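K.L.:
Before I ask anything, here is the structure I am working with.
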Amino acid sequence: VTRMVWLDSSRTRTTMRESVRPTNQFLGPTLIECYRADKRSFAIGDTVRTAAEYYRKFSGVAKQIEDELETTRPPEKTRRSQCLFVFESLPIAKKHWSKMKDGKLYRATIDEATILHRGDMALMDVMKSAAEAGGDWQAFAGAYWRSEMSAVPEVELMVAEAVVTEVISASDTERVSYLRTRYGFPAV
Numbered sequence: 201v202t203r204m205v206w207l208d209s210s211r212t213r214t215t216m217r218e219s220v221r222p223t224n225q226f227l228g229p230t231l232i233e234c235y236r237a238d239k240r241s242f243a244i245g246d247t248v249r250t251a252a253e254y255y256r257k258f259s260g261v262a263k264q265i266e267d268e269l270e271t272t273r274p275p276e277k278t279r280r281s282q283c284l285f286v287f288e289s290l291p292i293a294k295k296h297w298s299k300m301k302d303g304k305l306y307r308a309t310i311d312e313a314t315i316l317h318r319g320d321m322a323l324m325d326v327m328k329s330a331a332e333a334g335g336d337w338q339a340f341a342g343a344y345w346r347s348e349m350s351a352v353p354e355v356e357l358m359v360a361e362a363v364v365t366e367v368i369s370a371s372d373t374e375r376v377s378y379l380r381t382r383y384g385f386p387a388v
């Protein structure tokens with residue numbers, strides 16, 4: 201995670217070697233770099249908010265998982281359907297972008313103080329596998345809300361908005377090539 205911090209401007213330095221005096225006063229937010237896979241088109245500087253449409257696209261086990269996450273959601277947590285999801289890691293963002301037909305991949309920043317939840321998206325895959333095998337998949341919903349991590353976490357941050365700082369890819373050809381190479385096939 202990359203952090204960019206703007207410190208109180210009243211600090212002065214008389215020499216280049218003088219140490220920076222610690223301060224808790226900020227002129228602005230602590231910005232964290234993150235990544236967003238989205239079908240919508242954005243430009244640098246655009247603010248991205250949730251389209252609030254992902255839930256309607258679910259059916260079967262996927263819908264049951266989302267329903268269980270909502271049922272077990274602690275009251276102080278914001279509903280997933282009201283949040284924008286961004287990834288901490290570019291490789292994880294690329295993995296999900298590569299499976300998104302006509303998807304675009306963005307680098308963005310968020311204000312660290314506005315993170316509503318930090319969860320492991322891989323736990324949803326565990327829930328799906330457990331449900332399909334007839335196992336106790338509901339127990340994993342609590343783990344998600346406690347921010348527990350799986351053996352190979354795919355960390356997603358739930359936020360209200362993010363600001364685009366780079367369009368990494370808006371090319372479906374590039375997306376398909378990345379997907380093919382992920383599975384060991386030649387790029388197109």
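The numbering of the sequence shown is this note's numbering, which starts it at 201 and goes up by one.
Idealized CB from N, CA, C, for every residue including glycine.
Keep in mind it's a predicted model, so treat the numbers as computed, not measured.
By the three-class DSSP mapping on this structure, what secondary structure does N224 have?
P.N.:
Any reading at N224 needs caution, since the residue's pLDDT is 49, under 50, leaving its predicted position unreliable; the model's value is listed next. If DSSP states are grouped into helix, strand and coil, N224 belongs with coil.
K.L.:
Taking D311 as part of the beta strand (DSSP E), name the residues at either end of that continuous run.
P.N.:
D311 -> beta strand (DSSP E) spans K304 to D311.
K.L.:
Of the residues P353, A387, A360 and Y344, which one's Cα is nearest the Cα of T272?
P.N.:
Per the Cα distances, Y344.
K.L.:
Just to check my reading of the structure: R307 and Y235 have Cβ atoms closer than 8 Å, yes? What is that Cβ distance to the nearest angstrom?
P.N.:
Yes, they are in contact, since the Cβ atoms of R307 and Y235 sit about 6 Å apart, within 8 Å.
K.L.:
Under the assumption that E361 contacts I244 (Cβ atoms under 8 Å), give the Cβ distance between them as a whole number of angstroms.
P.N.:
Not a contact, Cβ separation roughly 15 Å.
K.L.:
Just how far apart, CA to CA, sit L379 and M300?
P.N.:
One C-alpha to the other measures close to 10 Å.
K.L.:
Do D320 and M358 have their CB atoms nearer than 7 Å?
P.N.:
No, these two residues do not count as a Cβ contact at 7 Å.
K.L.:
Could you check what DSSP says for M324 in three-state terms: helix, strand or coil?
P.N.:
Looking at M324 - three-state DSSP - the assignment turns out to be helix.
K.L.:
By alpha-carbon positions, which one of S289, A252 and I368 ends up nearest to Q282?
P.N.:
Comparing Cα positions, the closest option is A252.
K.L.:
Please tell me whether F242 and V363 are closer than 7 Å, where the distance is taken between their beta carbons.
P.N.:
No, these two residues do not count as a Cβ contact at 7 Å.
K.L.:
Have a look at S289, K277, E354 and S329 and flag the residue whose alpha-carbon is nearest the alpha-carbon of A262.
P.N.:
With distances taken between Cα atoms, A262 lies closest to S329.
K.L.:
To the nearest angstrom, how far is it from the Cα of K294 to the Cα of A237?
P.N.:
Going from the Cα of K294 to the Cα of A237 covers about 8 Å.
K.L.:
Write down the C-beta distance between T230 and A313 rounded to the nearest angstrom, noting that I regard them as a contact closer than 8 Å.
P.N.:
Right, their Cβ atoms sit about 7 Å apart.
K.L.:
Determine the direct distance from the alpha carbon of G335 to that of N224, and round the result to whole angstroms.
P.N.:
For N224, the predicted model reports a pLDDT of 49, less than 50, meaning its position is unreliable; a value from the coordinates is still stated below. Their backbone Cα atoms lie some 48 Å apart in a straight line.
K.L.:
How is R217 classed by DSSP in three states: helix, strand or coil?
P.N.:
Any reading at R217 is ruled out, since the residue's pLDDT is 30, under 50, leaving its predicted position unreliable.
K.L.:
Taking DSSP's pairing of strands, which residues face F385 in a bridge?
P.N.:
Answer by DSSP bridge pairing: none, since F385 is not bridged.
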